[in-house]
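Just remember that my numbering sits 118 ahead of the position in the sequence shown, which is counted from 1.
The C-beta atom is built at its ideal place from N, Cα and C for all residues, glycine as well.
This one's a predicted model, so the numbers in the text were calculated from it and none came from an experiment.
Step one of this worksheet: look at the structure below.
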Amino acid sequence: MVSETNVEAAIQMAIAREQDAYDLYTNAKGMVTDAPTIDMLDDLAQQELQHKAKLATMLEGDVDKIIARDSYSRYTDLKIGDYLAPAKLEEGADFQTVLIVAMQKEKDSNEFYAEMAKLTTGAAKELFEFLAGQEMIHKNKLEALYDEIVYQEN
Ligand SMILES: [Fe+2]
Ligand SMILES: [Fe+2]
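Laid out in structure tokens, this is it:
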């Protein structure tokens with residue numbers, strides 16, 4: 119059985135991950151000179167900060183109640199750490215590598231939030247669905263950017 123602390127810990131990890139994403143996009147901005155790309159990365163960074171704030175607000179509420187009782191076993195099977203493990207980025211990684219890591223992070227975040235949405239109801243479910251959708255959009259935007267860069271180089 120999952121304790122409320124575990125749910126809280128998962129949300130704390132998600133908050134840390136949103137901060138990581140913000141840092142990643144903020145650093146990535148410094149690696150490019152193309153104005154539309156900088157705008158896009160800035161946009162992504164700001165959205166991650168908003169996600170962080172929404173999750174922090176959720177923690178102020180009754181987090182012990184957000185996982186439905188009959189979903190406890192599925193929740194414990196989730197292996198939250200698999201979704202939220204910090205993505206590794208080596209020192210001196212080039213922009214393409216940063217994009218690959220970011221795409222993976224967005225995919226993992228999307229899956230994590232989508233799973234949480236399945237286990238929750240009401241406002242929590244709505245927030246997780248919203249976040250899952252946003253991370254999917256982020257992943258798609260990064261893929262388009264990645265394709266554009268690879269295409270330009272070849
Ligand atoms: Fe996010
Ligand atoms: Fe994202």
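query = Among 223, 261, 266 and 268, which has the Cα closest to the Cα of residue 139?
reply = With distances taken between Cα atoms, residue 139 lies closest to 223.
query = Beta carbon of residue 214, beta carbon of residue 170: below 8 Å?
reply = Note that the C-beta distance between residue 214 and residue 170 is not below 8 Å.
Exposure of residue 253, with buried meaning 16 or more beta-carbon neighbours within 10 Å = Buried, by the Cβ-count rule.
query = Can we count residue 132 as close to ligand 2, meaning its CB is less than 7 Å from some heavy atom?
reply = Checking every heavy atom of ligand 2 against the Cβ of residue 132, none is found closer than 7 Å.
Straight-line gap, residue 245 to residue 235 (C-alpha atoms, nearest Å) = A direct Cα-to-Cα measurement between residue 245 and residue 235 gives close to 8 Å.
query = residue 152 to residue 225, Cα distance in whole Å?
reply = The alpha-carbon atoms of residue 152 and residue 225 are separated by roughly 25 Å.
request  = Might you give, ordered along the chain, the residues of its own chain that have their beta carbon closer than 6 Å to the beta carbon of residue 177, omitting 5 neighbours on each side?
outcome  = The answer, listed in chain order, is 129.
Beta-carbon proximity list for residue 132, same chain, < 6 Å, skipping 5 on both sides = These residues qualify, in order along the chain: 173.
key: Same chain only: Cβ atoms within 8 Å of residue 211, ignoring 5 sequence neighbours per side   = So the qualifying residues of the chain are 219.
query = What's the C-alpha gap between residue 256 and residue 221?
reply = Cα to Cα, residue 256 sits roughly 8 Å from residue 221.
request  = Ignoring anything shorter than 4 residues or poking outside the segment 166–227, list the alpha helix (DSSP H) runs there in chain order.
outcome  = Counting only runs of 4 or more, we get 190–195 and 198–202.
message = If I follow the unbroken alpha helix (DSSP H) through residue 152, where does it start and stop?
response = Where residue 152 is concerned, there is no enclosing alpha helix (DSSP H), because DSSP gives it neither an H nor an E.
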